[in-house]
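Heads up: the sequence shown at position 23 corresponds to 23 in the numbering used here, and the numbers run straight through without jumps.
Built from N, CA and C at the ideal position, the CB exists for glycine as well.
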Amino acid sequence: MKILYVSVKRIGLPVLMVLAAVLISLTYHYTQQANINYYKGHRLFLKGQYEEAVPFYANALKIDPNKTRALREIAYAYLWTKRPEKAAEYFSKALSLEPDKYELKKSLAESLSWQKKYDKALALYEEVISVTGDLDAEKKLAELYIWRGEPENTRVILEKLMKKYPEDYDLQLLWGKTLLYSGDKKSAAKVFERLLKEETSKNPE
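So, in structure tokens, the structure goes:
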């Protein structure tokens, strides 16, 4: 019985080695296929051809669902081609693998805002702001309140930010929008007119 066990072990080891080699080869092949598809999509993405890039990212993710670069870029491709539902799906998947990526949280919040899921978006922006103090997140939060029909909350945020960044064009533009949505059309028009003059003086034809 002992002799039989030893012979089986001797026969089994080469078989296991062959199987291991096959598995390694297959894993390498699939990894290569995932990378090939990712880089095809990435090249199109860099050219701004987001729609065309999506199928290649999708193919890469079929092979490797945890390929973080593909998850991030397909999410942005969907966001920038106005498909916020799909964008949110992939931003969420990417964040499950990279939970501390606050840029992804901002982008997920933006995709949720486009779907009018304002409460979820607001919570994400506030989380990012509380941890990073990110100015862009504060601007987006201010704009979200306009979309929610709460310009008074936008006003509170902007009054604080404009004291700190008085020359920031985006903040001034948001201030004009806030005045407009608050019903103060005359003051809003003055803000927009001033901004237009400033832009014209910077870029004369």
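Residues of its chain near residue i, where Cβ-Cβ distance is below 7 Å and the 5 sequence neighbours each way are ignored
i      : result
ALA188 : GLY176, LEU179 and LEU180
VAL22  : Note on VAL22: pLDDT 47, under 50, position unreliable in the model; the coordinate value appears next. Closer than 7 Å at Cβ, skipping near neighbours: no residue.
GLU98  : THR68 and LEU104
VAL191 : GLN172, TRP175, GLY176 and LEU179
Whether residue i touches residue j by CB criterion (8 Å)
i      : j      : result
LEU61  : SER111 : no
TYR38  : ALA77  : no
THR68  : ALA94  : yes
LEU171 : LEU161 : yes
TYR90  : ASP134 : no
ALA34  : ILE74  : no
PHE45  : ALA58  : no
PRO151 : GLN115 : no
LEU144 : TYR118 : yes
LEU195 : TYR169 : yes
TRP147 : SER113 : yes
LYS106 : ALA137 : yes
Span of the alpha helix (DSSP H) around residue i
i      : result
ASP136 : 135-147
ASN203 : Neither: ASN203 is in no alpha helix (DSSP H) and is coded neither H nor E.
GLU152 : 151-164
LYS106 : 102-114
Own chain residues within Cβ distance below 8 Å of residue i, not counting five before or after
i      : result
LEU141 : LEU122, TYR125, GLU126, ILE129 and ILE157
TYR28  : A caution first: TYR28 carries a pLDDT of 42, below 50, which makes its placement in the model too unreliable to give a value.
Assigned secondary structure, residue i (DSSP; H/G/I helix, E/B strand, else coil)
i      : result
GLU51  : helix
LYS120 : helix
ARG83  : coil
SER182 : coil
LEU26  : Bear in mind that the predicted position of LEU26 carries a pLDDT of just 47, short of 50, making it unreliable; the figure below should be weighed with that in mind. LEU26 falls in the helix class under three-state DSSP.
ASN66  : coil
ASP168 : coil
GLU89  : helix
GLU193 : helix
GLU73  : helix
ASP98  : The sequence shown places Glu at residue 98, not Asp. In this structure, GLU98 counts as coil in the three-state DSSP scheme.
Beta-carbon contacts of residue i that lie in its chain and below 6 Å, excluding the five residues immediately before and after
i     : result
GLY41 : ALA53, PHE56 and TYR57
VAL6  : Any reading at VAL6 needs caution, since the residue's pLDDT is 44, under 50, leaving its predicted position unreliable; the model's value is listed next. Closer than 6 Å at the Cβ level, and outside the excluded window around VAL6, lies no residue.
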